[in-house]
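Take a look at the structure set out below.
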Amino acid sequence: MKHTRAIAVTAALLLFAAGAAVFGYLKYRRITAYIAGQLGGQASKTLGRGIRLSGVSFSPLKGIVISDLCVSRRPDFSKGEFFCASRAVIRPELASLLRSRVRFSRVAFEKPVIKVREKGGRWDFEDLVALLPETDKGLYLTWNASELELTDAAVEADMETSGLSFSLENASLKLEHYSSLGGNYGLQAEGRLAGAVGGKLLSAEVSLEADANFDYGGLSSTDGSFRAEEASYGEITLGSLAADWKLFNMRKPLADRNYSASLSAKDLLVPANGNRVREAVSGGLKLFASAMGRPAPQIGDIEMGSLDAAFSLNDSVLAVKDVSLRTNFLDLDGGLSIDGPAGTAEASLKAALGPNRLELSASGPLASPEVRPLLSSTLSAGFKSALRGAEQALLRIFPVTGDR
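Quick note: the sequence shown, position 35, residue 65 per this note's numbering, numbers continuous.
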């Protein structure tokens, strides 16, 4: 009897699974036919752009497969291609289909090429952005894909107004939506960045990892990291650059926000013929050299072994701390903290130019800090001016004192 009952239960489960599979398959085929029909005409009319593809097929394992998909610039392909991919794979989520809802577990593009243009301050994809539904209920309500992936991608951006041009080559991107009940996203991207800035070539291997949380008003928190390796700009080279951040309570009043970030760079080389950089550095050295009673050193090649700095905002206290700079002509350590509610600041500076040393500190009200040790009126005014400039730059971005 028990054996017969087990067989009956097993058969019922298999029948249910088979029915669900057939139902899902029919739903898949229906969606495949719907997408093929939409791409054939309606989508082109909605986008105001031409759409071209070589075929749409259905795979039980992969989902809907679109071959050689291209979208033109406005209004048709006579104006060129805006987006092309050798293959697009769209996998609907079976559980959602069984409830007659359309949600995608994965959308993937292979070898996509995206070409964006800016002219007169307007981007050529603004019309596509305008098609997104307007909502004040959070990004997650208008995003119904659990995973978006681009492999072996290329992005080209030309900005006519500024004369800049950038490309991202051999790129990969993966965007994951962690929860259907909230706007929680994870992004991973990497590729080779190249561009032309000021008549010089810029290039670097870059990577980005970030998590972002959205509430009904927009982005509420994010943390992540950015890396650049083997960077160059003309004859200037940089071994590595790293930035990390954690930003919480972004949509709350400034007093409730909690931010932290760090920056690290290594192995910078600026050849002696980089005149603009050398002139800027020479100007900054005059203050240190004057305070030491020494002439400013003559600079040839600029070699920076390392640069480290950290930033924080907590309880309306701004801090740029753990600043450490090591070069072939100057070693510098410093920090600056601004207490917004109290209207006070603390600053410290240590510098070494060869055998010469300088150590300064300042504390007190923002308008009139006390500088130690005592300096001549000229040097004291110069140091206070530099300190005031740094304070004002920070307070323009984060007005913790209430002043704007």
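All C-beta atoms in this analysis are idealised placements derived from N, C-alpha and C, irrespective of residue type, glycine included.
Go through its chain and collect everything with a Cβ distance to glutamate 186's Cβ below 6 Å, but skip five positions before and after it.
Contacts found: Lys145 and Ser197.
Going by DSSP, name the residue or residues bridged to methionine 334.
According to DSSP, methionine 334 bridges with Leu298 and Thr357.
Please list the terminal residues of the continuous alpha helix (DSSP H) segment that includes serine 74.
Note, serine 74: alpha helix (DSSP H), 73–77.
To the nearest angstrom, how far is the alpha carbon of serine 329 from that of phenylalanine 413?
Checking the displayed sequence, the identity of residue 329 turns out to be isoleucine instead of serine. So the two alpha carbons sit approximately 22 Å from each other.
Assuming arginine 281 and serine 262 are in contact, meaning their beta carbons sit under 8 Å apart, how far apart are those beta carbons, in whole angstroms?
Not a contact, Cβ separation roughly 38 Å.
Less than 7 Å between the C-beta atoms of serine 84 and serine 97, yes or no?
Cβ distance < 7 Å, so serine 84 and serine 97 count as in contact.
Hey, could you find the ends of the beta strand (DSSP E) glutamate 156 is sitting in?
Note, glutamate 156: premise wrong, no beta strand (DSSP E); alpha helix (DSSP H) at 156–159.
Can you tell which of Arg418, Leu232 and Glu265 has the C-alpha that lies nearest to the C-alpha of serine 367?
Serine 367 has its Cα closest to that of Arg418, out of Arg418, Leu232 and Glu265.
Return the CA-CA distance between valine 236 and glycine 228, expressed in angstroms with no decimal places.
Between valine 236 and glycine 228, the C-alpha separation is close to 21 Å.
Per DSSP, which one or two residues make a beta bridge with lysine 282?
According to DSSP, which records beta bridges pairwise, lysine 282 is partnered with nothing at all.
Using the rule of at least 16 other Cβ atoms within 10 Å of the residue's Cβ for burial, across every protein chain shown, is arginine 402 buried or exposed?
Exposed is the call here.
Count the other CB atoms within 10 Å of the CB of proline 325; is the residue buried (16 or more) or exposed (fewer)?
Counting Cβ neighbours within 10 Å, proline 325 comes out exposed, since fewer than 16 surround it.
Does the separation of the CB atoms of leucine 180 and phenylalanine 113 fall below 7 Å?
Cβ distance not < 7 Å, so leucine 180 and phenylalanine 113 don't count as in contact.
With the cut-off set at 7 Å, would you say aspartate 253 and lysine 276 are in Cβ contact?
It is a contact, given that the beta carbons lie within the stated cut-off.
Helix, strand or coil: how does DSSP classify valine 143 here?
Residue state, collapsed to three classes: strand.
Which residue spans inside the stretch 388–432 form an unbroken alpha helix (DSSP H) run of at least 4?
Complete alpha helix (DSSP H) runs here, min 4: 407–427.
For serine 176, which of helix, strand or coil comes out of DSSP?
If DSSP states are grouped into helix, strand and coil, serine 176 belongs with coil.
Determine, using beta carbons only, whether isoleucine 81 and valine 101 come nearer to each other than 7 Å.
Yes, they are a contact pair.
Leaving out five residues on either side along the sequence, give the residues of the same chain with a beta carbon under 6 Å from the beta carbon of glutamate 265.
Pro301.
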